[in-house]
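Asker: Quick note, the sequence shown lines up with residues 2 to 528 if you use my numbering. For every residue, glycine included, the Cβ atom is placed at its ideal position computed from N, Cα and C. As the structure is a computational prediction, the values presented were derived from the model and not from experiment. Before I ask anything, let me first share the structure, which is written out below as structure tokens.
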Amino acid sequence: MSPAPVYRKPFNKKRLLFITPEECRTIAKTYGTPVTVYDEKTLSRYTNDLLKAPHAYGLVARYAVKANINATLITFLAQRGFYFDASSHWEVARLLRYGIPGNRILLTAQEKTPTPEKMLRRGVELNATSLHQLQLYAAASRTCGRTSLSIRVNPGSSSSVQYKTNVAGGDSSFGIWHEFLTTVLAVAKRYAIRITRLHVHLSSNTDPDEWLKLIEQVLVKIVPQLPDVTHFNVGGGFAIARYTDEYQTSLHTVLGQLKRYIRDFYKKTARKLVIELEPGAYLVAHAGLLISTIDDIVITPRENQMNSSTKSTSTHSISTNSVSTNSISTNSISTNSISTNSMRHGHNHQKNAQHLPIKPHLDKTTAHNYNIFVKLNTGMNDLMRPALYGARHYMAIIKARANLNQQSAAVLQKAVSNEYFSYMTSIDAAVPVILVGHCCEKGDLLTPQANNPHCAETRTLAKLSIGDYVIITGVGAYGTSLANHYNSFPFLAECWRDSDRRIQLIRKRQTLADLTRSEINIFKPGY
């Protein structure tokens, strides 16, 4: 008896840290921080892996552009034969502007396009995600002489492990409910349209075992009700490992099993289905990292009872093979986590906490008495995932050549003693710290507990100082695409590292003029 297939791969830090310390310092000096860097070699590895994936009767690889729609990245994928999945008519417009042919774009959107006929005439394929959209798109298709249409169906179950990324089931608004297929066929008949594509996207960061079970059920229960379907779009959402205790989907193993399902379906129905995939994060997440700078270090006392109320996690020791170990730190989860009450409420610590001495002794045996916050010059405006989902990213410290510039050091030294100055600008190794962003929100937390954005989790890093660099990995997907201007921080710069390790700027850092360009002040300036 052959062993059961393994659909998961362990975390692999080599896929995340693709630059050397010297490259990090050069990029930071040239382009400033924060800055995102995309690696062509890493992206090529994932795209080639997908394009070579097993299939029975055809495979269409669509990239979910919501993950990252930078023009350079889109062009890179288009030149390698990728099709594209758009989640709004604005994404379609950007793809068309980038030169992507309309017939390589599928629009699957929560909000209907206001110009369906225009899109159809450009060759864009429309995927109806509701009965209302179906009627509008079917009518537009008949007007434009199109005879086929695509529908997204909610099969009634999800393979998600995170509520916020669950896009199927009864508590999700995505897709036409599976019990309404009779109505779907009636609308199609009325407008003389054939439903030739079935789209079923179950969730993001999906559990592969559960995903395969649900896809098999769709093949058994839903596809037979749609006799004209030739393309089965199974969506994306394949899990990737951004942190030490997460797993990576073994895509070829999963798709190998799907291939067997498709062949079994053919044997029973004589229908050959072309599979369509729509990965986003799976393709680009590991190909991006964010370089930030440590802006400040803040120390506060912890509540005495905190240790008894916190959730502990096992300690993982991580080494780095791609870079010098004396330049890049190893990061892990500390056995101490910060409780929900501590993070969500601004308690007065006078009663329940120790008084903070002028210069507390901080080492691995005493640090548990204190919250040590390491503030970065990036945050939820550049990387929303930790605050939104409680997502965790692997991080590493790069020592800067100069921890503080001479002018800043001189100003500080006038106000404090040398001893205290040293204490307030650096933290020794093996001391658990909490990394936070620069936004004026307590929720701007870069090291949350897993799937819990309300609670902090400490990381144990090497010695770090103000001015050192912190690399946040796994940000190629849903980093800049979720970026915002909160606190009027401009969008960061983005760079491309090609296969010859050359760095090129692919998006300029925004300026104040960019931030205010579209504003209209209806009052006369001044007082």
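For the segment 372 to 385 against the segment 423 to 443, are there 3 or more C-beta pairs whose distance is under 8 Å?
Answerer: yes
Asker: Quick check on Glu98: buried or exposed, where buried means 16 or more other Cβ atoms within 10 Å of its Cβ?
Answerer: Taking the first residue of the sequence shown as position 1, residue 98 is located at position 97. The sequence as given places Arg at residue 98; Glu does not occur at that position. Label assigned to Arg98: exposed.
Asker: Rounding to the nearest angstrom, what Cα-Cα distance links Glu520 and Ala484 in this structure?
Answerer: As a position in the sequence shown, residue 520 is number 519, starting the count at 1. As a position in the sequence shown, residue 484 is number 483, starting the count at 1. Looking at the two C-alpha atoms, the distance is approximately 19 Å.
Asker: Helix, strand or coil, according to DSSP, for Pro454 in the structure here?
Answerer: Reading the sequence shown from its first residue, position 453 is the one you call residue 454. DSSP places Pro454 in strand when its eight states are reduced to three.
Asker: Could you tell me whether the segment 268 to 283 touches the segment 29 to 42, using the rule of 3 or more Cβ pairs below 8 Å?
Answerer: no
Asker: Per DSSP, what kind of secondary structure is Asn49 in: helix, strand or coil?
Answerer: For the purposes of this step, residue 49 is taken as the residue at position 48 of the sequence shown. Here Asn49 sits in helix by DSSP.
Asker: Flag this pair as yes or no: are the beta carbons of Arg9 and Thr250 separated by less than 8 Å?
Answerer: Locating residue 9 in the sequence shown gives position 8, where the first residue counts as 1. Locating residue 250 in the sequence shown gives position 249, where the first residue counts as 1. In terms of Cβ geometry, Arg9 and Thr250 form a close pair [threshold 8 Å].
Asker: Sort out for me which residues DSSP pairs Phe233 with in a bridge.
Answerer: Against the sequence shown, residue 233 aligns to sequence position 232. Paired residue(s): Leu199, Ile276.
Asker: Where Leu150 and Asp246 are concerned, what is the direct C-alpha to C-alpha distance, given to the nearest angstrom?
Answerer: Position 149 of the sequence shown, counting from 1, holds the residue named residue 150. Position 245 of the sequence shown, counting from 1, holds the residue named residue 246. Between Leu150 and Asp246, the C-alpha separation is close to 42 Å.
Asker: Rounded to whole angstroms, what's the CA-CA distance from Phe19 to Val476? Just pull it up for me.
Answerer: Taking the sequence shown and counting its residues from 1, the one referred to as residue 19 is at position 18. Taking the sequence shown and counting its residues from 1, the one referred to as residue 476 is at position 475. Their backbone Cα atoms lie some 13 Å apart in a straight line.
Asker: Going by Cα to Cα distance, which pick from Leu256, Arg460, Pro387, Arg243 is closest to Leu52?
Answerer: Counting from one through the sequence shown, the residue named residue 52 turns up at place 51. Cα-wise, what sits closest to Leu52 is Leu256.
Asker: Confirm the yes/no value for this check: CB of Tyr244, any heavy atom of the ligand PLP, distance under 7 Å.
Answerer: For the ligand PLP, the structure offers nothing, since it holds no ligand at all.
Asker: Cα separation between Leu252 and Ala139?
Answerer: Indexing the sequence shown from 1 puts residue 252 at position 251. Indexing the sequence shown from 1 puts residue 139 at position 138. Their backbone Cα atoms lie some 35 Å apart in a straight line.
Asker: Tell me the residue span of the beta strand (DSSP E) that contains Tyr1.
Answerer: Nothing can be reported for residue 1: it is not among the residues displayed for the chain, which extend from 2 to 528.
Asker: Take Ser131 as the anchor and find which of Asn104, Thr144, Tyr395, Ile152 has the nearest alpha-carbon.
Answerer: Taking the sequence shown and counting its residues from 1, the one referred to as residue 131 is at position 130. Among Asn104, Thr144, Tyr395, Ile152, the Cα nearest to that of Ser131 is on Ile152.
Asker: When the Cα atoms are used, what is the spatial distance from Ala478 to Ile435?
Answerer: Here residue 478 is taken as the residue at index 477 of the sequence shown, counted from 1. Here residue 435 is taken as the residue at index 434 of the sequence shown, counted from 1. Computed Cα separation, rounded: 23 Å.
Asker: At what residues does the beta strand (DSSP E) containing Thr301 begin and finish?
Answerer: Position 300 of the sequence shown, counted from the first residue, corresponds to residue 301. Note, Thr301: beta strand (DSSP E), 289 to 302.
Asker: Give the single residue among Arg264, Asn372, Gly289 whose Cα lies nearest to the Cα of Glu304.
Answerer: As a working mapping, residue 304 is identified with position 303 in the sequence shown. That would be Asn372, whose Cα lies nearest to the Cα of Glu304.
Asker: Mind checking who Tyr84 pairs with in its DSSP beta bridge?
Answerer: Counting from one through the sequence shown, the residue named residue 84 turns up at place 83. Bridge partners of Tyr84: Arg63.
Asker: Just confirm the distance between the C-beta atoms of Arg63 and Tyr84, as a whole number of angstroms; I'd bet it's less than 8 Å.
Answerer: Along the sequence shown, one-based indexing puts residue 63 at 62. Along the sequence shown, one-based indexing puts residue 84 at 83. Right, the Cβ-Cβ distance comes to about 4 Å (below 8 Å), so this counts as a contact.
Asker: Hey, how far is the Cα of Phe12 from the Cα of Val285?
Answerer: Taking the first residue of the sequence shown as 1, we reach residue 12 at position 11. Taking the first residue of the sequence shown as 1, we reach residue 285 at position 284. The straight-line gap from Cα to Cα measures roughly 16 Å.
Asker: Taking the C-alpha atoms as reference points, what is the distance between Asn128 and Trp91?
Answerer: Position 127 of the sequence shown, counted from the first residue, corresponds to residue 128. Position 90 of the sequence shown, counted from the first residue, corresponds to residue 91. Approximately 15 Å between the Cα atoms of the pair.
Asker: Can you tell which of Arg81, Ile70, Ala79 has its C-alpha closest to the C-alpha of Ser89?
Answerer: The count along the sequence shown starts at 1 and reaches residue 89 at position 88. It is Ile70.
Asker: Where do the N-terminal and C-terminal ends of the alpha helix (DSSP H) with Arg95 fall, by residue?
Answerer: Position 94 of the sequence shown, counted from the first residue, corresponds to residue 95. Residues 90 to 98.
Asker: In angstroms with no decimal places, state the Cα-to-Cα distance between Glu41 and Leu74.
Answerer: One-based indexing of the sequence shown puts residue 41 at position 40. One-based indexing of the sequence shown puts residue 74 at position 73. Approximately 9 Å between the Cα atoms of the pair.
Asker: Does the beta-carbon of Ser500 have 16 or more other beta-carbons within 10 angstroms, so that it is buried, or is it exposed?
Answerer: Your numbering for residue 500 matches position 499 in the sequence shown. Flag for Ser500 reads exposed.
Asker: Tell me Thr149's beta-bridge partners as DSSP assigns them.
Answerer: Locating residue 149 in the sequence shown gives position 148, counting from the first residue. The amino acid occupying residue 149 in the given sequence is Ser; Thr does not appear at that position. BP columns for Ser149 point to Arg195.
Asker: Write down the C-beta distance between Ala187 and Arg195 rounded to the nearest angstrom, noting that I regard them as a contact closer than 8 Å.
Answerer: For this step, residue 187 is matched to residue 186 along the sequence shown. For this step, residue 195 is matched to residue 194 along the sequence shown. Contact between Ala187 and Arg195 is absent: CB atoms are separated by about 13 Å, not below the 8 Å threshold.
Asker: For Phe239, which of helix, strand or coil comes out of DSSP?
Answerer: In the sequence shown, the residue the question calls residue 239 occupies position 238. It is a strand residue.
Asker: Just tell me which of Lys268, Ile276, Thr48 has its CA closest to the CA of Gly59.
Answerer: Walking along the sequence shown from the start, residue 59 turns up at place 58. The shortest CA-to-CA distance from Gly59 to any of Lys268, Ile276, Thr48 is the one to Ile276.
Asker: Secondary structure at Ile467, three-state DSSP: helix, strand or coil?
Answerer: Translated into the one-based positions of the sequence shown, residue 467 becomes position 466. It is coil, neither helix nor strand.
Asker: According to the neighbour-count rule (16 or more other Cβ atoms, all chains shown, within 10 Å of its Cβ), is Ile523 buried or exposed?
Answerer: In the sequence shown, residue 523 corresponds to position 522, counting from 1. Exposed is the call here.
Asker: Taking one C-beta from the segment 195 to 209 and one from the segment 224 to 242 each time, how about it: are there three or more such pairs within less than 8 Å?
Answerer: yes
Asker: Does the distance from the CB of Pro6 to the CB of Thr254 come in under 8 Å?
Answerer: Position 5 of the sequence shown, counted from the start, is the residue given in the question as residue 6. Position 253 of the sequence shown, counted from the start, is the residue given in the question as residue 254. Pro6 places its beta carbon less than 8 Å from that of Thr254.
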